[in-house]
Amino acid sequence: AQKITQTQPGMFVQEKEAVTLDCTYDTSDPSYGLFWYKQPSSGEMIFLIYQGSYDQQNATEGRYSLNFQKARKSANLVISASQLGDSAMYFCAMRGEAYSGAGSYQLTFGKGTKLSVIP
Amino acid sequence: DTGVSQDPRHKITKRGQNVTFRCDPISEHNRLYWYRQTLGQGPEFLTYFQNEAQLEKSRLLSDRFSAERPKGSFSTLEIQRTEQGDSAMYLCASSKPKNQPQHFGDGTRLSIL
Numbered sequence: 325a326q327k328i329t330q331t332q333p334g335m336f337v338q339e340k341e342a343v344t345l346d347c348t349y350d351t352s353d354p355s356y357g358l359f360w361y362k363q364p365s366s367g368e369m370i371f372l373i374y375q376g377s378y379d380q381q382n383a384t385e386g387r388y389s390l391n392f393q394k395a396r397k398s399a400n401l402v403i404s405a406s407q408l409g410d411s412a413m414y415f416c417a418m419r420g421e422a423y424s425g426a427g428s429y430q431l432t433f434g435k436g437t438k439l440s441v442i443p
Numbered sequence: 016d017t018g019v020s021q022d023p024r025h026k027i028t029k030r031g032q033n034v035t036f037r038c039d040p041i042s043e044h045n046r047l048y049w050y051r052q053t054l055g056q057g058p059e060f061l062t063y064f065q066n067e068a069q070l071e072k073s074r075l076l077s078d079r080f081s082a083e084r085p086k087g088s089f090s091t092l093e094i095q096r097t098e099q100g101d102s103a104m105y106l107c108a109s110s111k112p113k114n115q116p117q118h119f120g121d122g123t124r125l126s127i128l
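Those sequence lines, one after another, are chains B and Y. Position in the first sequence (first residue = 1) + 324 = this note's numbering. Position in the second sequence (first residue = 1) + 15 = this note's numbering.
Right, here's the structure in full:
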């Protein structure tokens, strides 16, 4: 079984500042992937960044970086230089990746963090 | 490269009616997923297709729910005899094989009167 915990229901950040959104996870899978998605008020889920459990380096995608600490089972999202358009719900998710063949790779999501960027 | 398309965006219906949602995945994606998201929660997995085969179903998918993916392209999710508790956002996602990220559609928001 997999579990994702996001302990911050809401966060505020000043425009142009950096912000860290917390995510801890629990799994028995030896190999797994961690994801962050953004969900604006319009409802679509937008893929932001991916980290594989055996990746040696932390993932980065533009202003997004994933602070992966395997021993602590944490996968925090760092957004640099926040913009007003970053205001949204942010979901951390994971899936096992030890499958071969027909494994579903279904995602398990946390409850999300609502980020509000203040002008 | 068009994204995942879902139809309709919103559906309002009376309790007891049947509803059907459609999902068109990204064209080269052979994996298709359905999730349900209720207010204040993250999405929860419902079912998964690899090509036309439905390979996994969640315990959340009661007998009133059925999903199909004929010909391995678009998929439909039908809910029979809708109940108040079915009110939610229904999200479809698709991906390439194995470790590729899932890309989501805009969702169908279902409201049961």
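For each residue, glycine too, the CB sits at the ideal point set by N, CA and C.
Discussion item. Check whether the stretch 40-56 of chain Y and the stretch 23-32 of chain Y are in contact - that is, three or more C-beta pairs closer than 8 Å.
Written reply: no
Worksheet item: What do you get for Y:PHE36, buried or exposed, if any count of 16 or more other CB atoms within 10 angstroms of its CB means buried?
Response: buried
Worksheet item: Within this structure, are the beta carbons of Y:PRO123 and Y:TYR105 separated by less than 7 Å?
Response: The amino acid at residue 123 of chain Y is misidentified as Pro; the sequence shows Thr. For Y:THR123 and Y:TYR105, yes; Cβs fall inside 7 Å.
Discussion item. Between B:TYR414 and chain Y, is the shortest Cβ-Cβ distance under 7 Å, so that the two count as touching?
Written reply: no
Practice prompt. Let me know the secondary structure DSSP gives Y:GLN115 once reduced to three states.
Written response: coil
Practice prompt. Report yes or no: is there a C-beta of chain Y within less than 7 Å of the C-beta of B:TYR349?
Written response: no
Practice prompt. Report all residues from its chain with a CB closer than 6 Å to the CB of B:LYS340; omit the five preceding and five following residues, and keep chain order.
Written response: ALA405
Worksheet item: Going by the CB atoms, is the gap between B:PHE433 and Y:PRO58 shorter than 7 Å?
Response: yes
Discussion item. I want to see whether chain B comes within less than 7 Å of Y:PHE64, judged by CB atoms only; does it?
Written reply: no
Fill in: B:ARG419, enclosing beta strand (DSSP E) - first and last residue
412-420
Item to complete: Sort out for me which residues DSSP pairs Y:LEU15 with in a bridge.
Response: Residue numbering for chain Y in the displayed model covers 16 to 128; residue 15 of chain Y lies beyond these limits and cannot be assessed.
Practice prompt. Report all residues from its chain with a CB closer than 7 Å to the CB of B:LYS362; omit the five preceding and five following residues, and keep chain order.
Written response: ILE370, LEU372, ALA412, TYR414
Fill in: Buried versus exposed call for Y:GLN32 [16 or more other C-beta atoms within 10 Å across all chains shown]
exposed
Discussion item. Given this structure, state the Cα-to-Cα distance separating B:ASN382 from B:LEU390, to the nearest angstrom.
Written reply: 6 Å
Worksheet item: Closest by CA to Y:ASP101, which one among Y:GLU83, Y:ALA108, Y:ASN114, Y:ARG79?
Response: Y:ARG79
Discussion item. Assuming Y:PHE36 is part of the beta strand (DSSP E), what are its boundary residues?
Written reply: 34-39
Worksheet entry | Bounding residues of the beta strand (DSSP E) (the contiguous stretch that carries B:LEU408) | Careful: B:LEU408 lies outside any beta strand (DSSP E) and carries neither H nor E.
Item to complete: Pick out whichever of B:GLY436, B:VAL441, B:TRP360 has its Cα sitting closest to the Cα of B:ALA399.
Response: B:TRP360
Worksheet item: Are Y:PHE60 and Y:SER73 closer than 7 Å when you measure CB to CB?
Response: yes
Worksheet item: With a CB to CB cut of under 6 Å and the five nearest residues on each side skipped, what residues in its chain are close to Y:ASP39?
Response: SER20, PHE89
Item to complete: Step through the CB atoms of chain Y and report whether any lies within less than 7 Å of the CB of B:PHE336.
Response: no
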